[in-house]
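S.K.: Chains as they are written, first to last, in this note's numbering: chain A, 767 to 1073; chain B, 767 to 1073; chain C, 767 to 1073.
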Amino acid sequence: MKLHRKDILGIKELSVDEINLILETADSFVEVSTREIKKVPTLRGKTIITLFYEPSTRTRTSFEIAAKRLSADTISISSSTSSVVKGETLIDTAKNLESMNPDLIVIRHSAAGAPHMIAGVLNEPVINAGDGAHEHPTQALLDMMTIRSIKGKLAGLKVAIVGDISHSRVARSNIYGLTKMGASVHLAGPATMIPYGIENMGVVVHTQIEEAIRDADVVMALRIQTEREKQCIFPSLREYARHFSLNRRNIGSAAKDVLIMHPGPVNRGIEISPDLAESANSVILQQVTNGVAVRMALLYLLAGGNA
Amino acid sequence: MKLHRKDILGIKELSVDEINLILETADSFVEVSTREIKKVPTLRGKTIITLFYEPSTRTRTSFEIAAKRLSADTISISSSTSSVVKGETLIDTAKNLESMNPDLIVIRHSAAGAPHMIAGVLNEPVINAGDGAHEHPTQALLDMMTIRSIKGKLAGLKVAIVGDISHSRVARSNIYGLTKMGASVHLAGPATMIPYGIENMGVVVHTQIEEAIRDADVVMALRIQTEREKQCIFPSLREYARHFSLNRRNIGSAAKDVLIMHPGPVNRGIEISPDLAESANSVILQQVTNGVAVRMALLYLLAGGNA
Amino acid sequence: MKLHRKDILGIKELSVDEINLILETADSFVEVSTREIKKVPTLRGKTIITLFYEPSTRTRTSFEIAAKRLSADTISISSSTSSVVKGETLIDTAKNLESMNPDLIVIRHSAAGAPHMIAGVLNEPVINAGDGAHEHPTQALLDMMTIRSIKGKLAGLKVAIVGDISHSRVARSNIYGLTKMGASVHLAGPATMIPYGIENMGVVVHTQIEEAIRDADVVMALRIQTEREKQCIFPSLREYARHFSLNRRNIGSAAKDVLIMHPGPVNRGIEISPDLAESANSVILQQVTNGVAVRMALLYLLAGGNA
């Protein structure tokens, strides 16, 4: 089966069938990374460009490893070395890169919609690796893959997402994906971090973490941007942690086999207590492993379709 | 045919035969970048080092893609991560890199003559990717390749180069190359940006852009270093743009099929009006595409001669 | 023969047999870098991550070239682009990288013991590429390889190490290695740069450079961190150079065929006079060449053992 779509810009526009196709393809790539020789020739002779306007280790590394394991050549461009500083527009940068005949461009940008803008002018596939507070589709796909691989399904599960919903592209993409796949999504966070009207996305909003967590099959803690502390969105990290940190006490009301997730990097003791992050219920590192498989799947589906 | 030359440091020292050889070799590499599998084994097992002391996206990326499409291994060193900060001399850095047995070194440096200095002490081929306001030979080669591929020739053409001639290594390399190949080169720019005595290079100097452009087959706009505005070399960007920006009005006096070129990155509305940059006469993106082919040709001619 | 050890964290814990095995394996890899096609398939499909929390050209480049010549895929992460800035712990960063199934991690960190900490929690091999003022085992191995390849042995040689012993991980690793292999190690440097009690490591300490150098078979000058000048550890670079710079005069008392070594980057005129650095006795560049071979050997022994 093929993905009839040039780009992956967000989860919002994906159908259930498309999500299932991506997750199944990702499942089939997990095994490659466990081989003695972790390499398949699928994308040999293809050029993948990663264009990161925000710093990142995990996501960029995950895409690069995914591309190399498919035998693609990778070119990594980050904003500090890019000619953006020279006043070129984003579209001109993208068209210039296109003129070098890449096969796919991965972009992360602090401006919501930036990937959509370049996808609209480029013939090559574009993958959104995070745009502002908008979407982070590969994160949501790896999260759904992780849940599905353990729970065997997404439909009917109760998933709690806890933290700074307003500024989280991870939350937004997961809400689109999980509700679409039939899960019931519950949010909790400080009132200043819950966007007005978010209920329209089909989620239930709580002001107490305990209510969101109760009987949850999955609890996902979001990363707090600690630099936001100075912006008066919440009084202090200490106060945030007292009310919204996942810990042994509040997790007790969740299902016994609850999955504890976090997109990383973790601020230990703030979003989640260290012992919980390392508990048997935590699948935080499995998320990272599945991230490589999801990205291999997308590179394959978008850039290797003709092979 | 072979290139009997260890390095490519400038256009000044190249013969007409050498330029023709490079352009013909580049023509033959264009097709590789349009294949399904964009890779030939020509430089397999070779190590190409790019050593950039000035930031660059386009040129570094172009060299890296060129090297990878020839199957070479690439090592990218930029000044921010380099030990230059630690007080090592450039020659010591170069000799250290040489001791790791690379097959070719590409260098960009803010000091004119830096590539020549290291080429003089290294046994490996060195390619100048831009040295101060001196030369940028691969840019001139890709410009000549672009003109020739469309016009079928260089000899007899009228080429206008507009802008900050004084600080432009692109202008200097193109003047050497185009006059050598029999084109007639006309310059225009603010008086403070035209070097005294440049007529000795075989060019015609104009103070009005309209005179330089009249009946031109090619018009090349140079990038303005906007940071120069503060150095009192020209009064303001606005005043520069009023007198020397390429636009629909002044381009009217050029030949109907005039080629509009720019080395990038473009400051839209300053060196060139946005509509002109995207018009049918603009070959700006074709220049970028040909850049990969020219660099593949040079890497092949200098590092793959024995294959 | 195989190396029965997961990591290379320091020379302190290596046995004489292990050092001999590494040096012999390195000898056998020298030839690969002189081939027309500098590549063997040994580590094809393996992923090597270099994780550098301190800037470096030479060491990072050396590891990258070594990995590529063994056909491994390399991922390069440096602190400026890493999520360390985001407050993640080093162990969490390491475990996240591990979750992407790398085959080996090379780490440089300003904190002594950092590589040991992550080696303790990772299943994959870890190579210490320099940790604070503690150890720099690959430098000592390439130094021993260089001496042995020319002198035919290490046992019985007199080796003088001159400079800032206190802050030098190069000195520390070489002292462990050279004494273990039977060489006699003599130190000289300003009193403020000789650690109290260092004699317990089996070395002889001198306050005059001439005494350390007398009849030496090898003289190793250490790099001065010039930024230390401001920290009052020594009065001035000029005064340091007057008393501890290697030069034609003081080298005269060494053996006629003394080897002059320096780990680089060299501050010319401070640790060593320029003419001496380029004399026939200098093996500084040979050290760099052997560095690639030593790193190929370690990558092979630690990551390719099953092949």
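Idealized CB from N, CA, C, for every residue including glycine.
Owing to the predicted nature of the structure, the values given are computational and were not obtained by experimental measurement.
Compare the C-beta of C/Val1054 with all C-beta atoms of chain B and state if any pair is closer than 8 Å.
M.R.: yes
S.K.: From which residue to which residue does the alpha helix (DSSP H) around C/Arg935 run?
M.R.: Arg935 to Lys946
S.K.: Between C/Leu1065 and C/Leu907, is the Cβ-Cβ spacing less than 8 Å?
M.R.: no
S.K.: Using a Cβ-Cβ distance under 8 Å, would B/Ser848 count as near chain C?
M.R.: Here the model assigns B/Ser848 a pLDDT of 48, short of 50, so the residue's position is not dependable, and the following value carries that caveat. With 8 Å as the cut-off, B/Ser848 counts as an interface residue toward chain C.
S.K.: A/Ile1026 lies in the beta strand (DSSP E); which residues open and close that run?
M.R.: Leu1025 to Met1027
S.K.: Taking buried to mean at least 16 other C-beta atoms within 10 Å of its own C-beta, is A/Ala1059 buried or exposed?
M.R.: buried
S.K.: Along the segment 827-846 of chain C, what residues have a CB closer than 7 Å to any CB found in chain B?
M.R.: Thr827, Ser828, Glu830, Ile831, Lys834 and Ser844
S.K.: Using a C-beta cutoff of 8 Å, does B/Asn894 count as contacting chain C?
M.R.: For B/Asn894, the nearest beta carbon of chain C is not closer than 8 Å to its own beta carbon.
S.K.: Between the alpha carbons of A/Val970 and A/Tyr962, how many angstroms are there, rounded?
M.R.: 12 Å
S.K.: Going by DSSP, which residues form a beta bridge with C/Val1058?
M.R.: C/Val1058 pairs with nothing; no bridge assigned.
S.K.: I want to verify the contact list: residues of chain B whose CB lies under 9 Å from the CB of A/Gly1070, in sequence order.
M.R.: Those within 9 Å of A/Gly1070 in chain B number zero; the least Cβ separation is about 10 Å.
S.K.: Closer than 7 Å, Cβ to Cβ, to anything on chain A: give me those residues from the segment 1017-1041 of chain B, in chain order.
M.R.: Gly1030, Pro1031, Val1032, Asn1033 and Arg1034
S.K.: For A/Thr847, does the count of other Cβ atoms within 10 angstroms reach 16, so buried, or fall short, so exposed?
M.R.: Residue placement at A/Thr847 is flagged as unreliable, the pLDDT there being 47, under the threshold of 50; the coordinate-derived value follows with that caveat. With 16 or more Cβ atoms within 10 Å of its Cβ, A/Thr847 is classed as buried.
S.K.: Which residues mark the beginning and the end of the alpha helix (DSSP H) in which B/Val806 is found?
M.R.: Per DSSP, B/Val806 belongs to no alpha helix (DSSP H) and is neither H nor E.
S.K.: Should C/Gly896 go down as buried or exposed, given a rule of 16 or more other Cβ atoms within 10 Å for buried?
M.R.: buried
S.K.: To which residues does DSSP link B/Arg824 through a beta bridge?
M.R.: Beta-bridge pairing links B/Arg824 to no other residue.
S.K.: Using beta-carbon positions only, say whether A/Leu1025 and A/Ile931 come within less than 8 Å of one another.
M.R.: no
S.K.: What does C/Leu1051 touch in chain B if you count any residue whose Cβ is under 9 Å from its own?
M.R.: Lys861, Asn862, Glu864 and Ser865
S.K.: From A/Ile873 to C/Ala926, what distance separates their C-alpha atoms?
M.R.: Answer to the nearest angstrom: the Cα atoms are 53 Å apart.
S.K.: For B/Ile803, which residues in chain A fall below 7 Å Cβ to Cβ?
M.R.: Arg810 and Gly811
S.K.: Is any beta-carbon of chain A found at less than 8 Å from that of B/Ser799?
M.R.: yes
S.K.: How would you call B/Gln1053, buried or exposed, if buried means at least 16 neighbouring beta carbons within 10 angstroms?
M.R.: Buried, by the Cβ-count rule.
S.K.: Provide the residue span of the beta strand (DSSP E) that contains C/Leu1003, from first to last.
M.R.: Here C/Leu1003 belongs to no beta strand (DSSP E); instead the alpha helix (DSSP H) covers Leu1003 to Phe1010.
S.K.: Secondary structure at C/Asp1041, three-state DSSP: helix, strand or coil?
M.R.: helix
S.K.: Just how far apart, CA to CA, sit A/Met947 and A/Arg1014?
M.R.: Approximately 29 Å between the Cα atoms of the pair.
S.K.: Taking Cβ positions only, does B/Leu856 come closer than 8 Å to chain A?
M.R.: no
S.K.: What is the DSSP secondary structure of B/Ile843, reduced to helix, strand or coil?
M.R.: strand
S.K.: Check each residue of the segment 959-981 of chain C: if its Cβ is closer than 7 Å to any Cβ of chain A, include it; give the result in chain order.
M.R.: none
S.K.: Tell me, which residues are paired with A/Ser1048 by DSSP?
M.R.: A/Ile1026
S.K.: Pairing CB atoms from the segment 883-901 of chain A with CB atoms from the segment 1022-1040 of chain A, are three or more of them under 8 Å?
M.R.: no
S.K.: Have a look at B/Thr800, B/Leu920, B/Val951 and B/Leu787 and flag the residue whose alpha-carbon is nearest the alpha-carbon of B/Asn966.
M.R.: B/Val951
S.K.: Skipping 5 residues on each side, what residues in its chain have a beta carbon closer than 6 Å to that of C/Gly1057?
M.R.: Ser828 and Leu908
S.K.: Roughly how many whole angstroms lie between the Cα atoms of C/Ile913 and C/Leu923?
M.R.: 10 Å
S.K.: Say whether the segment 857-877 of chain B touches the segment 816-827 of chain B, bearing in mind that this needs 3 or more beta-carbon pairs closer than 8 Å, one atom from each stretch.
M.R.: The segment 857-877 of chain B, when compared against the segment 816-827 of chain B, does touch it at the 8 Å Cβ threshold.
S.K.: Buried or exposed: where does C/Ser849 fall if 16 or more other Cβ atoms within 10 Å of its Cβ makes it buried?
M.R.: The pLDDT assigned to C/Ser849 is 47, lower than 50, so where the model puts this residue is not dependable; a value taken from the coordinates is nonetheless given after this. So C/Ser849 ends up on the buried side.
S.K.: Taking the C-alpha atoms as reference points, what is the distance between C/Glu784 and A/Val1049?
M.R.: If you take the alpha carbons of C/Glu784 and A/Val1049, they lie about 39 Å apart.
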